[in-house]
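K.L.:
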Ligand code: GLN
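Residue numbers (the working numbering): 6 to 251.
Here it is as structure tokens:
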């Protein structure tokens with residue numbers, strides 16, 4: 006049986022700050038330890054879109070990075086929306102999270118349209134939301150990471166947050182206690198970190214969903230050496246999480 010999984014890294018040249026490329030490395034490594042053949046396709050402006058896409062990962066970027074990719078993103082918007090609707094898992098961090106909403110209005114007042122996968126909009130503000138972040142998610146438990154954004158995001162009626170934050174001045178907008186958003190198997194979030202190495206439950210959700218979506222089932226084949234490596238990776242994440250939650 007074919008054991009290939011095709012991961013698309015969306016705009017790694019322009020949208021990859023605060024170590025978000027670590028999410029791609031984390032997905033690749035964990036899938037390999039589960040016994041899958043992983044193909045990572047880096048998609049930058051003007052590239053061909055691969056025939057097979059099982060999982061899409063997008064990172065954060067500064068406003069100018071977002072401006073750069075927006076035209077190209079709209080060329081791919083219909084395909085991305087169709088994949089999202091069909092259940093393809095996606096993880097979009099910060100700048101890409103904002104562009105998956107309806108629009109992002111920068112501090113200068115430019116309105117960058119989003120591709121409307123997530124029902125939300127974002128308004129740039131002078132005060133940046135910066136710092137370590139812990140949120141509570143019903144599905145994933147505590148999620149830890151780091152945020153740094155000027156955009157404040159407001160979820161539209163019916164849009165589910167990824168989680169809730171306790172501390173004031175953090176999360177989507179610093180006031181309503183929400184963080185991130187979720188629709189179908191698409192997760193948008195402000196969590197840098199990198200997010201996935203520190204939050205294996207989220208990594209496993211993306212992996213499981215990608216495998217089920219392509220093959221109808223997730224079937225880990227883990228030999229003892231890989232088992233030990235998985236245990237070591239999980240322990241590193243556990244230690245990072247303990248420190249972050251103190
Ligand atoms: N430019 C956006 C903002 O500052 C996104 C920043 C980011 O991706 N970290 O709101």
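Even for Gly, the Cβ is constructed at its ideal location relative to N, Cα and C.
Rounded to the nearest angstrom, how far is the Cβ of residue 92 from that of residue 189, given a contact under 8 Å?
P.N.:
As a first step, residue 92 must be located in the chain shown, where it is residue number 87. As a first step, residue 189 must be located in the chain shown, where it is residue number 184. Residue 92 to residue 189, Cβ: 6 Å. Contact.
K.L.:
Secondary structure at residue 47, three-state DSSP: helix, strand or coil?
P.N.:
Along the chain shown, one-based indexing puts residue 47 at 42. Here residue 47 sits in strand by DSSP.
K.L.:
Assuming the contact rule is C-beta atoms closer than 8 Å, residue 186 and residue 166 should be a hit. Round their C-beta distance to whole Å, please.
P.N.:
By 1-based counting over the chain shown, the position of residue 186 is 181. By 1-based counting over the chain shown, the position of residue 166 is 161. Yes, residue 186 and residue 166 are in contact; Cβ-Cβ is about 6 Å, under 8 Å.
K.L.:
Where residue 236 and residue 201 are concerned, what is the direct C-alpha to C-alpha distance, given to the nearest angstrom?
P.N.:
For the purposes of this step, residue 236 is taken as the residue at position 231 of the chain shown. For the purposes of this step, residue 201 is taken as the residue at position 196 of the chain shown. Their Cα atoms are separated by approximately 15 Å.
K.L.:
Measure the alpha-carbon distance for residue 22 versus residue 227 and round it to whole angstroms.
P.N.:
Taking the chain shown and counting its residues from 1, the one referred to as residue 22 is at position 17. Taking the chain shown and counting its residues from 1, the one referred to as residue 227 is at position 222. Answer to the nearest angstrom: the Cα atoms are 32 Å apart.
K.L.:
I need the DSSP call for residue 61, collapsed to helix, strand or coil.
P.N.:
The residue given as residue 61 occupies position 56 in the chain shown. Residue 61: strand per DSSP, three-state reduction.
K.L.:
Consider the C-beta atom of residue 71 and the heavy atoms of ligand 1; say whether any pair is separated by less than 8 Å.
P.N.:
Locating residue 71 in the chain shown gives position 66, where the first residue counts as 1. Yes.
K.L.:
Which whole runs of the beta strand (DSSP E) in the segment 165-196 are 3 residues long or more, in chain order?
P.N.:
Runs of the beta strand (DSSP E) lying entirely within the segment 165-196 and spanning at least 3 residues, in chain order: 186-188, 191-194.
K.L.:
In angstroms with no decimal places, state the Cα-to-Cα distance between residue 24 and residue 150.
P.N.:
One-based indexing of the chain shown puts residue 24 at position 19. One-based indexing of the chain shown puts residue 150 at position 145. Going by the C-alpha atoms only, they are around 11 Å apart.
K.L.:
Does the distance from the C-beta atom of residue 211 to that of residue 55 stay below 9 Å?
P.N.:
Residue numbering aside, residue 211 sits at position 206 when the chain shown is read from its first letter. Residue numbering aside, residue 55 sits at position 50 when the chain shown is read from its first letter. No, the Cβ-Cβ distance between residue 211 and residue 55 is not below 9 Å.
K.L.:
Out of 147, 215, 123, point me to the one whose CA is closest to residue 192's CA.
P.N.:
Mapped onto the chain shown, residue 192 falls at position 187. Checked all of 147, 215, 123; the closest Cα to residue 192 is 123.
K.L.:
Rounded C-beta distance between residue 168 and residue 129? I'm assuming under 8 Å.
P.N.:
Indexing the chain shown from 1 puts residue 168 at position 163. Indexing the chain shown from 1 puts residue 129 at position 124. Going by Cβ atoms, the distance from residue 168 to residue 129 rounds to 23 Å, so no, they are not a contact pair.
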